[in-house]
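Novice: I have a structure here, written as structure tokens, and I will follow up with some questions on it.
Set out below in structure tokens:
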């Protein structure tokens, strides 16, 4: 602990505290204004990243808008994207965005060796895919290709 | 736009009035000598969290009974709000006989009572706040759906709850991530949409910003009351010099709302220590419970705050005093806890971190490398987003503690939560590096404004105690 004399001086130096507050506040004003911070040099990059990521969300909500009108009011639909075709792990971001856009319909990712039991399957393809081959392979028929990478399939083997 | 504005007023501003009146009634005795403008700001900041929290619980109970929220829900809620407001006004006039000296100090008097130095500091702080507010709004506009956790968890849950109507339990289907998370934020967002009759991203953005502003306002005003004006402004300056806080404030996640409830609980500890009013302790219990209704981490805070209270009360030799120091808190926390238990038992799936525990947990606990990895990530994160931490810690160590008992309770609460977070990482079944990268900055944020408050509220270095604060202009009374 500091000696009593120094502590008393610090407590009494009200104007110094005020000056510190003003200095901090004005620095903050400058930092936030120019958006390039001394405290956080990557602030501008951080904002740009967030904006880019979010544009993806906003765009995806719009991409699914027309498809949503064709889906039943509730129930579960299957979900396929390029990661299924490429036999890679599912793209969590794209999958969650499909759920977010298609609520309250539940969206279930389809595993590579899983038999499709859902009456409808939503396709979300960022890379070109041979839809005819894919449909035949998975016993699906195309209900509508929305032309923006989004495709609605019907399961030909579904009892519904 | 006019419809959205009306919905915001009806859904969020109207319930603020009864919450404000209830808080004013509860704190009337404790804040009796505080100037009216300062009192009002403290009440209003606390009312934001109380009204959002209790109305979300109201909607949860309504959905359990009526299955669907429509015009009947709106009518019942508005009538309940009117009833509570009327009862609070009546109680304020008839039950409380405390002379409220602070009510006689108007805004004008309070401003005239400030010294030139204080006015200058206030102006500087105001400029800082203005720029932060502009930046916050800019960020909100750029992030209409919020950050990843916002659209993948909180807004997603709100969408399912709202769109599924009577089939709302579909919102807890395990096809979606983290459906065991509590419902304060999703239900608060849903309320806005119910009042409006449709969805708009303005509602979750409004809720998010309201909590961020309430945290700043509560931190500053509570410290102005407790430690003097310059201490309050200095603490506020440190918070606005934490860009990560305001980024999260615009992100529409549940982290800043949790920060609010943790801070509110700590503020009420200090207020309780001054007046020893049991009703303040009950109010603190409600806020601690609402922290648990906001995020799972809030449940840890709720436990920590209860343990800290028991530790503090155990120092009292008289068992009657011990009980009276705990019972009101439990009376506040238990009703909210019952709601949380109802949600967890009836709807929530098991938590992934708890479900992933087993024999492997022992190996994780004995793995020294995990401890060092977490410690090193903590140091790195502190110097990235919380650069003021070493300054405040040094100030605390150098100056010593003012009101050691309250300080001890506050630091015990923060310490238990911190240790709890540390062991969540030690025992996590997820990849540790991924878990640290994706959440450590936000977990530290939960404690940051509380720590700023505890540091400025406890240090002997900065401001004189309340009685010496120049914001109270003695000549005007």
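Chains as they are written, first to last, in the numbering used here: chain A, 28 to 187; chain B, 2 to 478. Quick reminder that beta carbons are idealized off the backbone N, C-alpha and C, glycines included. All of these numbers come straight from a predicted model, not from anything done at the bench.
With residue 387 of chain B as the anchor, note down where its alpha helix (DSSP H) starts and where it stops.
Specialist: Start at 1 with the first residue of the second chain, and residue 387 of chain B comes out as number 386. No alpha helix (DSSP H) contains residue 387 of chain B, which DSSP labels as neither H nor E.
Novice: In chain order, what residues of the stretch 163–177 of chain B put their CB closer than 7 Å to some CB of chain A?
Specialist: The stretch 163–177 of chain B vs chain A, Cβ under 7 Å: 164, 165, 168, 171, 174, 176, 177.
Novice: Listing by chain order, which chain B residues have their CB less than 7 Å from the CB of residue 121 of chain A?
Specialist: As a position in the first chain, residue 121 of chain A is number 94, starting the count at 1. Here the premise fails: no neighbours, minimum Cβ distance about 11 Å.
Novice: What's the C-alpha gap between residue 388 of chain B and residue 111 of chain A?
Specialist: Position 387 of the second chain, counted from the start, is the residue given in the question as residue 388 of chain B. Position 84 of the first chain, counted from the start, is the residue given in the question as residue 111 of chain A. Cα to Cα, the separation comes out at about 44 Å.
Novice: Hey, could you find the ends of the beta strand (DSSP E) residue 225 of chain B is sitting in?
Specialist: Counting from one through the second chain, the residue named residue 225 of chain B turns up at place 224. Premise fails: residue 225 of chain B lies in the alpha helix (DSSP H), 203–228, not in any beta strand (DSSP E).
Novice: Pull out every residue of the stretch 431–450 of chain B whose Cβ sits closer than 9 Å to any Cβ of chain A, in chain order.
Specialist: The residues in question: there are none.
Novice: So, helix, strand or coil for residue 132 of chain A, using DSSP?
Specialist: Numbered from its first residue, the first chain carries residue 132 of chain A at position 105. Note: residue 132 of chain A maps to coil in three-state DSSP.
Novice: Kindly say whether residue 178 of chain A, judged by its beta-carbon, lies nearer than 8 Å to any beta-carbon of chain B.
Specialist: Position 151 of the first chain, counted from the start, is the residue given in the question as residue 178 of chain A. Not one chain B Cβ lies under 8 Å of residue 178 of chain A.
Novice: For residue 375 of chain B and residue 18 of chain B, what's the separation of their Cα atoms in angstroms?
Specialist: Numbered from its first residue, the second chain carries residue 375 of chain B at position 374. Numbered from its first residue, the second chain carries residue 18 of chain B at position 17. Using only the alpha carbons, I get a separation of about 44 Å.
Novice: State the Cα-Cα distance for the pair residue 1 of chain B and residue 271 of chain B, rounded to the nearest angstrom.
Specialist: Examination of residue 1 of chain B is not possible in this model, given that chain B is present from 2 through 478 alone.
Novice: For residue 161 of chain B, would you say it is in contact with chain A, using Cβ-to-Cβ distances shorter than 8 Å as the test?
Specialist: Numbered from 1 along the second chain, position 160 holds the residue referred to as residue 161 of chain B. So, interface residue.
Novice: Is the shortest distance between the beta-carbon of residue 127 of chain A and the beta-carbons of chain B less than 8 Å?
Specialist: The count along the first chain starts at 1 and reaches residue 127 of chain A at position 100. For residue 127 of chain A, the answer is yes, since a Cβ of chain B falls inside 8 Å of its Cβ.
Novice: Output the distance between the C-alpha atoms of residue 203 of chain B and residue 123 of chain A, rounded to the nearest integer angstrom.
Specialist: Within the second chain, the letter at position 202 stands for residue 203 of chain B. Within the first chain, the letter at position 96 stands for residue 123 of chain A. Answer to the nearest angstrom: the Cα atoms are 21 Å apart.
Novice: Suppose the cutoff is 6 Å on Cβ atoms and the five residues either side in sequence are ignored; what does the same chain contact list for residue 170 of chain A look like?
Specialist: Working through the first chain from its first residue, we reach residue 170 of chain A at position 143. Hits under 6 Å: 179, 181.
Novice: Closest Cβ-Cβ distance between residue 85 of chain A and chain B: below 8 Å?
Specialist: For the purposes of this step, residue 85 of chain A is identified with residue 58 of the first chain, where counting begins at 1. Yes, its Cβ sits closer than 8 Å to a Cβ of chain B.
Novice: Counting only C-beta atoms, is residue 209 of chain B closer than 8 Å to chain A at any point?
Specialist: Sequence index remark: in the second chain, residue 209 of chain B carries index 208 (1-based). So no, residue 209 of chain B is outside the interface.
Novice: Is any beta-carbon of chain B found at less than 8 Å from that of residue 99 of chain A?
Specialist: Position 72 of the first chain, counted from the start, is the residue given in the question as residue 99 of chain A. Cβ-Cβ to chain B under 8 Å: no for residue 99 of chain A.
Novice: Which of the three DSSP states is assigned to residue 181 of chain A in this structure?
Specialist: Locating residue 181 of chain A in the first chain gives position 154, counting from the first residue. Reduced to three states, the DSSP call for residue 181 of chain A is strand.
Novice: Give the secondary structure of residue 77 of chain B by DSSP, where H, G and I count as helix, E and B as strand, and everything else as coil.
Specialist: Within the second chain, residue 77 of chain B is the residue found at index 76, counting from 1. Looking at residue 77 of chain B - three-state DSSP - the assignment turns out to be helix.
Novice: If I'm right that residue 288 of chain B touches residue 266 of chain B with Cβ under 8 Å, what's the distance once you round it to whole angstroms?
Specialist: As a first step, residue 288 of chain B must be located in the second chain, where it is residue number 287. As a first step, residue 266 of chain B must be located in the second chain, where it is residue number 265. With 8 Å as the limit, residue 288 of chain B and residue 266 of chain B qualify as a contact, their Cβ atoms being about 5 Å apart.
Novice: Quick one: list the residues of chain B neighbouring residue 135 of chain A, beta-carbon separation under 8 Å, in chain order.
Specialist: Counting from 1 along the first chain, the entry for residue 135 of chain A is found at position 108. 176, listed in chain order.
Novice: How about residue 146 of chain A: is its C-beta nearer than 8 Å to some C-beta of chain B?
Specialist: Against the first chain, residue 146 of chain A aligns to sequence position 119. Judged by the 8 Å Cβ criterion, residue 146 of chain A is not in contact with chain B.
Novice: Taking buried to mean at least 16 other C-beta atoms within 10 Å of its own C-beta, is residue 209 of chain B buried or exposed?
Specialist: Taking the first residue of the second chain as 1, we reach residue 209 of chain B at position 208. The residue in question, residue 209 of chain B, is buried, as its Cβ has 16 or more Cβ neighbours within 10 Å.
Novice: Comparing C-alpha positions only, which one of A/108, A/162, A/149, A/159 sits nearest to residue 97 of chain A?
Specialist: As a working mapping, residue 97 of chain A is identified with position 70 in the first chain. The candidate whose alpha carbon is nearest that of residue 97 of chain A is A/149.
Novice: Does chain B have any CB closer than 8 Å to the CB of residue 66 of chain A?
Specialist: Reading the first chain from its first residue, position 39 is the one you call residue 66 of chain A. Only weak support exists for where residue 66 of chain A lies, its pLDDT of 42 falling under 50; the value from the coordinates is given anyway. Yes, residue 66 of chain A lies at the interface with chain B (some Cβ there is under 8 Å from its Cβ).
Novice: Residues of chain A with CB under 9 Å from residue 157 of chain B, in chain order?
Specialist: For the purposes of this step, residue 157 of chain B is identified with residue 156 of the second chain, where counting begins at 1. Chain A residues near residue 157 of chain B: 123, 126, 127, 130.
Novice: Residue 407 of chain B versus chain A: which residues are under 8 Å apart at the beta carbon?
Specialist: Here residue 407 of chain B refers to the residue found at position 406 when the second chain is read from its first residue. Chain A residues near residue 407 of chain B: none, gap ~19 Å exceeds 8 Å.
Novice: Compute the distance between the beta-carbons of residue 151 of chain A and residue 177 of chain A, then report whether it is under 8 Å.
Specialist: Position 124 of the first chain, counted from the first residue, corresponds to residue 151 of chain A. Position 150 of the first chain, counted from the first residue, corresponds to residue 177 of chain A. Yes, these two residues count as a Cβ contact at 8 Å.
Novice: Within the same chain, show all residues whose beta-carbon is closer than 7 Å to that of residue 281 of chain B, passing over the 5 residues directly before and after it, in chain order.
Specialist: Here residue 281 of chain B refers to the residue found at position 280 when the second chain is read from its first residue. These residues qualify, in order along the chain: 27, 28, 31, 269, 272, 273.
Novice: Which class does residue 144 of chain B belong to by DSSP, given the choice of helix, strand or coil?
Specialist: Here residue 144 of chain B refers to the residue found at position 143 when the second chain is read from its first residue. Of the three classes helix, strand and coil, the one that applies to residue 144 of chain B here is coil, per DSSP.
Novice: List the residues of chain A whose Cβ lies closer than 7 Å to the Cβ of residue 152 of chain B, in chain order.
Specialist: Here the question's residue 152 of chain B lines up with position 151 in the second chain. Within chain A, the residues near residue 152 of chain B are 84, 127.
Novice: Which class does residue 171 of chain A belong to by DSSP, given the choice of helix, strand or coil?
Specialist: Along the first chain, one-based indexing puts residue 171 of chain A at 144. Residue 171 of chain A falls in the strand class under three-state DSSP.
Novice: Starting from the C-beta of residue 163 of chain B, find all residues in its chain whose C-beta is less than 6 Å away, skip the five residues before and the five after it, and write them out in chain order.
Specialist: Looking up residue 163 of chain B in the second chain gives position 162. So the list reads 191, 194, once near-sequence residues are dropped.
Novice: Pick out whichever of B/173, B/385, B/249, B/363 has its Cα sitting closest to the Cα of residue 346 of chain B.
Specialist: Position 345 of the second chain, counted from the first residue, corresponds to residue 346 of chain B. Nearest option by C-alpha distance: B/173.
Novice: Report yes or no: is there a C-beta of chain B within less than 8 Å of the C-beta of residue 143 of chain A?
Specialist: Position 116 of the first chain holds residue 143 of chain A. Judged by the 8 Å Cβ criterion, residue 143 of chain A is not in contact with chain B.
Novice: Please classify residue 141 of chain B as buried or exposed, where buried requires at least 16 other C-beta atoms within 10 Å of its C-beta.
Specialist: Within the second chain, the letter at position 140 stands for residue 141 of chain B. Buried, since its Cβ has 16 or more Cβ neighbours within 10 Å.
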